[in-house]
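Each residue of the first sequence is one higher than the last, beginning at 388 in our numbering. All C-beta atoms, glycine included, are put in the ideal place defined by N, C-alpha and C. Here the structure is a predicted model, which means the values were calculated and not measured.
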Amino acid sequence: MNKAKKENLINITEFQSDLVQWFQEEQRDLPWRKDKNPYKVWVSEVMLQQTRVDTVIPYYNRFLEKFPTIEAFADADEEAILKIWEGLGYYSRVRNLHSAVKEVVSEYNGIVPDTKEEISKLKGVGPYTAGAVLSIAYGKPIPAVDGNVMRVLSRILLITDDIAKSSSRKVFESAVERLMYHDNPSYFNQALMELGALICTPTSPSCLLCPVREHCQAFENGVQEELPVKTRKKKTRHEDILAVVLKNEEGKILINKRPEEGLLANLWEFPNLKIVPLLDPWETLQDFLSTEYLLDASIEQHSFTEVRHVFTHLTWTIDAYEGRLKSGEVDEYGSLRFVTEEELEELAFPVSHQKIWRAYKEQKR
DNA sequence: GAGACGTGGGT
DNA sequence: TACCCAAGTCT
């Protein structure tokens, strides 16, 4: 059955009003729903990418307290923007947002562009975020297709395209365009997502509470649990890592700034390396410090903690050692820096290295 | 187009 | 334990 035929099976006008009326009555009271300021909407949408609402709320509130206006954020330095994002993950989001905001301030007089064409040129603004900002902040009838929308529409319209494939997004965007409630695109897009979050959940959807169940082809056929079709990704690889918390005679701690591209870009970390198979860890670490960093350190024989950390595509097991070193003339050398404990806690570290730091302090007391 | 890119929570 | 998920984007 083709798409046009399938959509003839639902009454679009009734679907729109049932959905939007439900949203008006049942929507959650979320901080970013108090204000349609395009900058604030934009910040919330970037934070919500691949991230749960409950996780985002405190970050969103802190972010706008620190950077209340688009100009305030444009003026921030990178250390500050990473620190406020610390623990949220996908750190390129905040670096792209910062770059994009600076462009809006310099090229658009601080006004977030209101066309798909222009807003999509900004870093970190893909098809979803463009549609979300344009519809929520500017009331434009542009689709905002995220995972919720694909799940909801796959069920309502019995769409069986594999949502794990990037090519499927356009199928759902076309569907949203045909279903769009032009009287209130903001509510329509948000209602689709809210329905996915509250009712039309990935497992055990609450069909009996669903405001649009009479329009749902999956419910009609009892196949809501079989949709959406989504192929699974292959499993993650693993890395064993040696890390060291090194203190000099002044009590300052050696940290390293990660490269500006790739995993955890520009975040700080304790010096570390991948374990070399078959070699003694302690000797490997000692050798690494002397040959790579030209540091003469004495390392404890046994690690003080083992940290396991799981990423989406990778897992780390980090054995962390403690050590001391003599020379402390310079505070900076390349990507290395000696900092006090207070300074360290003002810098942005990935969660894996925060775990090392917490274990270190715990072991000290 | 497949893989990189984080983290915390749920089953 | 071992997945899978959560308001995606970039390369």
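Reducing DSSP to helix, strand and coil, say where residue 609 ends up. coil
Classify residue 460 as helix, strand or coil using the three-state DSSP reduction. helix
Taking the DSSP output, what are the residues bridged to residue 685? 711
Local Cβ density within 10 Å of residue 780, reported as buried at 16 or more and exposed below that: Absent from the structure is residue 780, since the part of the chain shown begins at 388 and ends at 752.
Rounded to the nearest angstrom, what separates residue 547 and residue 661 at their Cα positions? 43 angstroms
Using only the alpha-carbon positions, how far apart do residue 595 and residue 664 sit? 56 angstroms
Candidates 685, 549 and 679: closest to residue 619 by CA position: 549
Per-residue burial, residue 642 [other beta carbons within 10 Å of its own, 16 or more giving buried]: buried
Cα-Cα, which of 717, 697, 732 and 751 is closest to residue 691? 751
Which residue wins for smallest C-alpha separation from residue 586, given the options 576, 577, 578 and 597? 597
Only counting the same chain, and skipping five residues up and downstream in sequence, which positions put a Cβ closer than 7 angstroms to that of residue 446? 434 and 475
Going by beta carbon distance, what residues of the same chain come within less than 6 angstroms of residue 706, once the five residues before and after it are set aside? 629, 690 and 693
Endpoints, alpha helix (DSSP H) assigned at residue 535: 534-543
Span separating the alpha-carbon of residue 362 from that of residue 574: This structure does not reach residue 362, given that the chain is present from 388 up to 752, and the question cannot be answered.
Give the range of the alpha helix (DSSP H) segment to which residue 448 is assigned. 440-453
How is the alpha helix (DSSP H) around residue 601 delimited, first residue to last? Here residue 601 belongs to no alpha helix (DSSP H), and DSSP marks it neither H nor E.
Since residue 633 and residue 684 should fall inside the 8 angstroms C-beta cutoff, what is the C-beta to C-beta distance between them, to a whole number of angstroms? 6 angstroms
Per-residue DSSP class, three states only, for residue 628: strand
Throw me the rounded Cβ distance for the residue 481 and residue 426 pair, which I believe falls under 8 angstroms. In fact, because the Cβ distance is near 14 angstroms, the residues do not count as touching under 8 angstroms.
Which whole-angstrom value describes the C-beta separation of residue 581 and residue 410, a residue pair presumed to lie in contact below a C-beta threshold of 8 angstroms? 6 angstroms
For residue 471, the first and last residue of its enclosing alpha helix (DSSP H): 465-472
If you compare alpha carbons, which of 644, 679, 645 and 696 is closest to residue 624? 696
Are residue 726 and residue 686 closer than 8 angstroms when you measure CB to CB? no
Using DSSP with H/G/I as helix, E/B as strand and the rest coil, what is residue 597? coil
Compare the Cα-Cα distances from residue 457 to each of 490, 437 and 439 and report the closest residue. 490
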